[in-house]
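As they're listed, the protein sequences go chains A and B.
Throughout, my numbering is defined as the position within the first sequence, counted from one, plus 7.
Throughout, my numbering is defined as the position within the second sequence, counted from one, plus 15.
Beta carbons: idealized from backbone N, C-alpha and C, even for Gly.
Some notes on the structure that comes next.
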Amino acid sequence: MTGYWGTAWKRFKHNKVALGGLWIVLFLFVIALCAPLIANNKPYIIIKNNALYFPIIIDYKEFEGVDFKKIDGYKLFPPIPYSYSEYDLNAIVVPPSSKHLLGTDEQGRDLAARMIYGTRVSIFVGFVAVFIYVTIGIIIGALAGFYGGWVDIIISRIIEIVMCFPTFFLILTILALWGQSLLNVMIVIGITGWTGIARIVRGEFFKLREQDFAVASRALGAKDWWIIFKHILPNAMAPVMVSATFGIASTILIESSLSFLGFGVQPPTPSWGDILSQSRDFIDFAWWLTLIPGFAIFITITSYNVVGEGLQDALDPKQYY
Amino acid sequence: MRYYIIKRILIIIPTFIGITFITYLMIRLAPGDFTSLRAGIEGELKAGSLSKEIFEQEKKLYGLDKPIIVGYSEWLYKTVKLDFGTSRKDGRTVAAHIIESLPITLSLNILSIVIVYIISIPLGIFSAIKKDTVIDRIVSITLFLLYSLPSFWVALLLLKYLSGGDYLNLFPLGGLYSDWFDQLNVLQKAMDVIWHLILPVVTLTYGGFAFLSRYTRATMLEVINQQYIVTARAKGLSEKKVLFVHAFRNSLIPLITLMATMLPGLLGGSVVVESIFSVPGMGMLAFESILSRDIPVIMAITSISAFLTLIGIFLGDIMYAIVDPRIRLEAQQ
Numbered sequence: 008m009t010g011y012w013g014t015a016w017k018r019f020k021h022n023k024v025a026l027g028g029l030w031i032v033l034f035l036f037v038i039a040l041c042a043p044l045i046a047n048n049k050p051y052i053i054i055k056n057n058a059l060y061f062p063i064i065i066d067y068k069e070f071e072g073v074d075f076k077k078i079d080g081y082k083l084f085p086p087i088p089y090s091y092s093e094y095d096l097n098a099i100v101v102p103p104s105s106k107h108l109l110g111t112d113e114q115g116r117d118l119a120a121r122m123i124y125g126t127r128v129s130i131f132v133g134f135v136a137v138f139i140y141v142t143i144g145i146i147i148g149a150l151a152g153f154y155g156g157w158v159d160i161i162i163s164r165i166i167e168i169v170m171c172f173p174t175f176f177l178i179l180t181i182l183a184l185w186g187q188s189l190l191n192v193m194i195v196i197g198i199t200g201w202t203g204i205a206r207i208v209r210g211e212f213f214k215l216r217e218q219d220f221a222v223a224s225r226a227l228g229a230k231d232w233w234i235i236f237k238h239i240l241p242n243a244m245a246p247v248m249v250s251a252t253f254g255i256a257s258t259i260l261i262e263s264s265l266s267f268l269g270f271g272v273q274p275p276t277p278s279w280g281d282i283l284s285q286s287r288d289f290i291d292f293a294w295w296l297t298l299i300p301g302f303a304i305f306i307t308i309t310s311y312n313v314v315g316e317g318l319q320d321a322l323d324p325k326q327y328y
Numbered sequence: 016m017r018y019y020i021i022k023r024i025l026i027i028i029p030t031f032i033g034i035t036f037i038t039y040l041m042i043r044l045a046p047g048d049f050t051s052l053r054a055g056i057e058g059e060l061k062a063g064s065l066s067k068e069i070f071e072q073e074k075k076l077y078g079l080d081k082p083i084i085v086g087y088s089e090w091l092y093k094t095v096k097l098d099f100g101t102s103r104k105d106g107r108t109v110a111a112h113i114i115e116s117l118p119i120t121l122s123l124n125i126l127s128i129v130i131v132y133i134i135s136i137p138l139g140i141f142s143a144i145k146k147d148t149v150i151d152r153i154v155s156i157t158l159f160l161l162y163s164l165p166s167f168w169v170a171l172l173l174l175k176y177l178s179g180g181d182y183l184n185l186f187p188l189g190g191l192y193s194d195w196f197d198q199l200n201v202l203q204k205a206m207d208v209i210w211h212l213i214l215p216v217v218t219l220t221y222g223g224f225a226f227l228s229r230y231t232r233a234t235m236l237e238v239i240n241q242q243y244i245v246t247a248r249a250k251g252l253s254e255k256k257v258l259f260v261h262a263f264r265n266s267l268i269p270l271i272t273l274m275a276t277m278l279p280g281l282l283g284g285s286v287v288v289e290s291i292f293s294v295p296g297m298g299m300l301a302f303e304s305i306l307s308r309d310i311p312v313i314m315a316i317t318s319i320s321a322f323l324t325l326i327g328i329f330l331g332d333i334m335y336a337i338v339d340p341r342i343r344l345e346a347q348q
């Protein structure tokens, strides 16, 4: 790979810490994607009466409502043979053991299974919310930076207003009155978080719109949208990418704070913040319910921040020369 | 300078109206209109037994029977007269709630900001002087990790390991005073409050160190490369004098405005920290008002935190203009 992004990748690769962060991020992606294959109370394979079944992929009529653990015959279970909502009232708040690798919560649900499914929520919220606000930020910032004048004055004023917002409080208010759901969390974070991106894009556009390549394109009769999207935006993307990466980290933090306060996803969907919040009732003895989800949030946020940091260094060659 | 101040004050007004209007809009446009509000008082009145009369009365009380613009204008008019209405939870005036809780949150946050500045600035200067040494790297990695620690988790861990339980019993579990507060003398009272504030303040501050000290480090390094620093060195000034008299004073300027950018986030942080440590401040009030859909309180908190933020930004701008003559001259033109 050559060109700007190629050389940036080369620089990024040299940064071992950032590369490590990227590996963790990818690892979490794989876990989120494969969650049903890692933690599931349905076996991959059952061999019973010389017949082969794949209950994890196919729903068999003969197994409907049957507890797979009680079926005779050969069974191959996923590494964590529990689903995230399967409760066992005989094993409430049990410490980690060979049966429950990370212990169980107050309803006897397997913590490992819930942690693995919780990965989905944090990644999903992080990416969708940031995608929403990056899109809004790019459009608004590009309009202000490209057209300048009164468009810029109005947009700058709006940005100033939104930046003064007590955002977290507004998010709580909206979630309380509009209903608590994953979708609302993402939308609200999305529509309140765009100011940083908009300011960056606006600044870049101011710098770039007078550059020769933009002027030349205009002289050749290009339309505004062509110059904006084809010529200027690609050159303004580097700082946006950096900011978006840090944004994913802070969005994951916001989501887990919301879930911690009881305003995030609704049960039984597991979220790390929600697990941590429930641990408050058992804080004296159930260390696994406090330490594990908190550590997961910490590692995830650190990884995204480290990747963002690495991107920043890699995409800004100025500091090398 | 006067024009500059007037200009900045004039900007405060539309911003304040913008923030409160959007919040009002969000409340009014919420789906189900009054039904979702009703959910909040379900404890007091079962949904079915809520007669139409009470329904209409409450609607009127909160101006929900009027068009949005009219309702908002009336709210704004009352707010300007500092009449925030009454809390629908306990019937006390919202102002009384605010007067009780605002000083607590304000002192908690001011204390935190001061501590962040006192620790981060020397740390940043130190890292800039020791640039690219092992110590610089250790400092920056430690601060980076602290920055990524979720505050609610840290708060839980502090409570778990330092406040009773099976581990150390160094700090109280929460609240602002001990039960025996009344029997203490003034000095003991002060010590008691400080003892209760340590864990909340730690939770509020540790994340800020990274941001501010890196910022200090970066601006210090930028200033150090300026020509006038080279000149100062060339004319034989001691390194100490170069750093603290010539370099630091100029890198101080961006740190002032930085304070303003920290302000809007404070209420959010207070919600989390105060609810964990049961500190009866604005954050707690905010959280409770949201749980009980107490609209007058929600609106009052939004407007007060917006107002304080705007005042903070305004003061930052003014201070910026005072210390940096370039801004002042630009404003005069």
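Taken in chain order, the members of the stretch 165-182 of chain B whose beta-carbon sits within less than 9 Å of a beta-carbon on chain A are P165, S166, F167, W168, V169, L171, L172, L174, K175, G179, G180, D181. Among the residues of the stretch 167-194 of chain A, those with a Cβ less than 9 Å away from any Cβ of chain B are E167, I168, V169, M170, C171, F172, P173, T174, F175, F176, L177, I178, L179, T180, I181, L182, A183, L184, W185, G186, in the order of the chain. At a cut-off of 4 residues, the continuous stretches assigned as alpha helix (DSSP H) that sit fully inside the stretch 231-299 of chain B are 242-249, 263-277, 279-291. A Cβ-Cβ contact shorter than 8 Å links A149 of chain A with F212 of chain A. Put simply, the backbone Cα of D281 of chain A is about 43 Å away from that of I24 of chain B. In this structure, T126 of chain A lies near I38 of chain A, with their beta-carbon atoms less than 8 Å apart.
Under DSSP, K82 of chain A takes part in a beta bridge, and its partners are A:I53.
Looking only at A:V169, A:F70, A:V141, A:P88, the smallest Cα-Cα distance to R116 of chain A is reached by A:P88.
Taken atom to atom, the span from the alpha-carbon of I194 of chain A to that of A58 of chain A is near 48 Å. Between S228 of chain B and G139 of chain B, the C-beta gap is smaller than 8 Å, which places the two residues in contact.
Rounded to whole angstroms, the separation of the alpha carbons of F322 of chain B and L270 of chain B is 22 Å.
In the structure shown, the three-state DSSP call for L59 of chain A is strand.
In chain order, P62, I63, F75 place their CB closer than 7 Å to the CB of K49 of chain A, counting only its own chain and leaving out the 5 sequence neighbours on each side. Put simply, the CB of R18 of chain A is far from chain B, with every gap to its CB atoms at 8 Å or more. Listed in chain order, the positions of the stretch 316-332 of chain B with a beta carbon within less than 8 Å of a beta carbon of chain A are I316, T317, S320, A321, T324, L325, I328.
For A45 of chain B, the secondary structure class from DSSP, reduced to helix, strand or coil, is coil. Contacts with chain B at 8 Å (Cβ-Cβ) include F305 of chain A. Rounded to the nearest angstrom, the gap between the Cα atoms of E89 of chain B and L179 of chain A is 25 Å. With contacts defined by Cβ atoms closer than 8 Å, I78 of chain A and I99 of chain A do not form a contacting pair. When 8 Å is used as the limit between beta carbons, N312 of chain A is near these residues of chain B: F159, Y162, S163, in chain order. Not a single CB atom of chain A sits nearer than 8 Å to the CB of F141 of chain B. Look at the beta carbons and you see the stretch 97-107 of chain B not touching the stretch 185-200 of chain B: under three pairs across the two are nearer than 8 Å.
Pairing I290 of chain A with L185 of chain B gives a Cβ-Cβ distance that is not under 8 Å. The stretch 253-267 of chain B makes no contact with the stretch 298-315 of chain B; the number of CB pairs closer than 8 Å stays below 3.
A distance of 8 Å or more separates the beta carbons of L123 of chain B and F224 of chain B. Residue-level contact by beta carbon fails for L123 of chain B and chain A, as no gap is shorter than 8 Å. DSSP places P43 of chain A inside the alpha helix (DSSP H), whose first and last residues are 42-45. Rounded to the nearest angstrom, the gap between the Cα atoms of T220 of chain B and M277 of chain B is 12 Å. By the CB criterion at 8 Å, V249 of chain A and G28 of chain A fall outside the cutoff. Taking 8 Å as the CB threshold, G10 of chain A stays off the interface with chain B. Counted as a single uninterrupted DSSP element, the alpha helix (DSSP H) harbouring F176 of chain A occupies residues 174-185. DSSP places L283 of chain A in the uninterrupted alpha helix (DSSP H) bounded by 279-285.
Those residues of the stretch 99-115 of chain B placed with their C-beta closer than 8 Å to a C-beta in chain A do not exist. For Q273 of chain A, there is no enclosing alpha helix (DSSP H), as DSSP marks it with neither H nor E.
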